[in-house]
């Protein structure tokens, strides 16, 4: 009997986080992707201090030279060290990706929860606006917004945030609808809990796992679109060490110096890939249907 | 089916209205005087005055919208600031290159997407599955502008097999369509895998196997047909993705299509062209979604027979 009690207590001690962690650890690829991203965040913070060269320091004796021990990823048309520029660019790409998705997620979640919780005309009104936003293909919406606001990185963040809003609003709304009809929410409402308390204490926590998964996955596409806009000349200033802008700059030298386009593109690819793999792993670890 | 179709078509009307309003308001949303924007930076005061009168920019906004729509229905989308040509003509000559590129990309996307998806579902949790699904995640993650440039570097610059850009014979389609189709192929592959895996769990598949059918027949005759319904509709939706993806691909390959025109117009601040392009792209996107919905209704017996019940 005593043994059984001890056994039960041991079982009780497994927190949701421990449950998630033990299931996430088993997914080696996603785990590796997460480790890579952690490293990338560290690079984004300390990159400028460990970079071998100044990102905008020209060296006119080393124009467009290929990769070597002196310049790991070669130099560009001004003789600037591409590897150092990529290290600096990590900060820009991650900042643009994180801030745009964070902005989109916060606004989208607020709309989604309000829409799902209150229903009726509020729901219809919000969802019709989201339908209109979704009626435009993402890239076109971003380009349209840039055409109005003008080019620049801040405007790219705004554009990517705006088209992330409906994605979060929809998914969080359907989550809210499901949670709202559960017994424990009905119970809180019946003992007179206010709307805001119900939403904040009971509905929102239930959406967090979905939110984490979507957040991770959207960062990848946000970085892709932001780099794409810079590539088209609508985003970062061509002289900044932004990966998309660097790649675009290398287009003219594709014949004799392909490394100028290759390395920044590889950086974008690996970063987006890591976010997508991490997102897949988080989904599998957080979704109880798949976990079991 | 008829009821469903009518409902879907009627449901589009409010969206069409909103899109037309957004396209109309576009020039007004840009900070500054719309007449000056349309007239261009070197315009004289006289020219700006003419533009203001021609476009009725001194009239109330709703009147301007009514005029805009009236012109639109007569096929008048204004005149380009840069080339001084009717915008309608410019869009018309660029429509076919974009459409043909989109179809060529869809061909690759379906070919590779279905193949990869079926392999990974049939070889579930084996190394083939892990490899193909890793390829699929890579396909969604790869920047198309990078993939395109690397393909040009390898196949055009190094090997000299295909032209570096421009539209010509069938060989000029290979690299741009592969670049544009890669992402969609990856999406179709993932979707085919999950759809086929769901179907493979069904009882009638077990029955097929139990009565001794060859595995190839089970997959081909019984599983694939049912798994294809969601895949077809999802692939249709990707046409919209391809349309907006064409903006980047056309820029890389100097393709004379709508996407490149859009970027050139934005760089040149050719507002009448941008306005018309936004309208056209959104209409196409909406139309594709409608067609896919109708196709889904047709393929899905639950909706098709709803009317009869």
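Residue numbers (this note's numbering), protein chains in the order written: chain R, 10 to 301; chain P, 3 to 311.
The beta carbon of each residue, even a glycine, is placed where N, CA and C say it ideally should be.
Same chain only: Cβ atoms within 7 Å of residue i, ignoring 5 sequence neighbours per side
i	result
residue 17 of chain P	288
residue 94 of chain R	64, 250, 255
residue 82 of chain P	89, 92, 272, 274, 275
residue 56 of chain R	96, 97, 99, 100
residue 29 of chain P	36, 39, 40, 273, 277
residue 280 of chain P	25, 28
residue 42 of chain P	83
Sequence-distant residues of its chain with Cβ nearer than 8 Å to residue i (five each side left out)
i	result
residue 301 of chain P	231, 234, 235
residue 207 of chain P	201, 220, 224, 225
residue 310 of chain P	Unreliable placement is indicated for residue 310 of chain P, whose pLDDT of 42 sits below 50; no coordinate value is reported for it.
residue 382 of chain P	There is no way to answer for residue 382 of chain P, as the model of chain P reaches only from 3 to 311.
residue 98 of chain P	none
residue 184 of chain R	121, 125, 215, 216, 219
residue 179 of chain P	103, 106, 107, 109, 110
Nonlocal neighbours in the same chain, by C-beta distance under 6 Å from residue i, ignoring five residues either side
i	result
residue 115 of chain P	187, 190, 191
residue 286 of chain R	38, 39, 42
residue 154 of chain P	166
residue 71 of chain R	84, 88
residue 252 of chain P	259, 261, 262
residue 250 of chain P	146, 147
residue 290 of chain P	241, 242
residue 267 of chain P	275, 276
Buried versus exposed, by CB contacts within 10 Å (16 or more), residue i
i	result
residue 64 of chain P	exposed
residue 10 of chain R	Unreliable positioning characterises residue 10 of chain R in this predicted model, as indicated by a pLDDT of 46, which lies under 50. A coordinate reading is not provided.
residue 142 of chain P	buried
residue 4 of chain R	Any answer about residue 4 of chain R is impossible in this case: the structure gives chain R only from 10 up to 301.
residue 252 of chain R	buried
residue 105 of chain P	exposed
residue 278 of chain R	buried
residue 56 of chain P	exposed
residue 217 of chain P	exposed
residue 22 of chain R	exposed
residue 257 of chain P	buried
residue 163 of chain R	exposed
residue 227 of chain P	exposed
residue 294 of chain P	buried
Under the three-state DSSP convention, the category residue i falls into
i	result
residue 81 of chain P	strand
residue 90 of chain R	strand
residue 251 of chain P	helix
residue 88 of chain P	strand
residue 84 of chain R	strand
residue 55 of chain P	helix
residue 98 of chain P	helix
residue 69 of chain R	coil
residue 161 of chain P	coil
residue 45 of chain P	coil
residue 127 of chain P	coil
residue 225 of chain P	helix
residue 141 of chain P	helix
residue 166 of chain P	coil
residue 60 of chain P	coil
residue 73 of chain P	helix
residue 266 of chain R	coil
residue 35 of chain P	coil
residue 211 of chain P	helix
residue 171 of chain P	coil
residue 183 of chain P	helix
residue 146 of chain P	helix
residue 104 of chain P	helix
residue 23 of chain R	coil
residue 62 of chain R	coil
residue 110 of chain P	helix
residue 36 of chain R	coil
residue 75 of chain R	coil
Cβ of residue i within 7 Å of any chain B Cβ
i	result
residue 170 of chain P	Among the protein chains in the structure shown, which are R and P, there is no chain B.
Continuous alpha helix (DSSP H) assignments of at least 4 residues falling wholly in the segment 177-263 of chain R | 192-199, 204-207, 213-240, 252-259
Scan the segment 153-171 of chain R for residues whose Cβ lies nearer than 8 Å to a Cβ of chain P and list them as they occur along the chain.
-> 153, 155, 156, 157
Any alpha helix (DSSP H) of 4 or more consecutive residues that is wholly inside the segment 108-186 of chain R = 129-143, 147-158
Residues in the segment 128-142 of chain R with C-beta within 8 Å of chain P's C-beta atoms, listed in sequence order?
-> 137, 140, 141
Contained alpha helix (DSSP H) runs [length at least 4] in the segment 240-305 of chain P, N- to C-terminal order | 260-269, 273-301
Mind listing which residues of the segment 261-287 of chain P have their C-beta closer than 8 Å to chain R's C-betas, in chain order?
-> 264, 265, 268, 269, 276, 280, 283, 284, 287
Check distances from the C-beta atoms of the segment 133-144 of chain P to those of chain R and list, in chain order, the residues that come in under 8 Å.
-> 136, 139, 140, 142, 143, 144
At a Cβ cut of 9 Å, what residues of the segment 28-41 of chain P count as close to chain R, listed as they run along the chain?
-> 28, 31, 32, 33
Closer than 9 Å, Cβ to any Cβ of chain P: which residues of the segment 263-281 of chain R, in chain order?
-> 263, 264, 267, 270, 271, 273, 274, 275, 277, 278, 279, 280, 281
Given a limit of 8 Å on CB to CB distance, which residues of the segment 221-253 of chain P reach chain R?
-> 242, 243, 245, 246, 247, 249, 250, 253
Just by C-beta distance, which residues in the segment 152-163 of chain P are closer than 8 Å to chain R?
-> 152, 154, 155, 159
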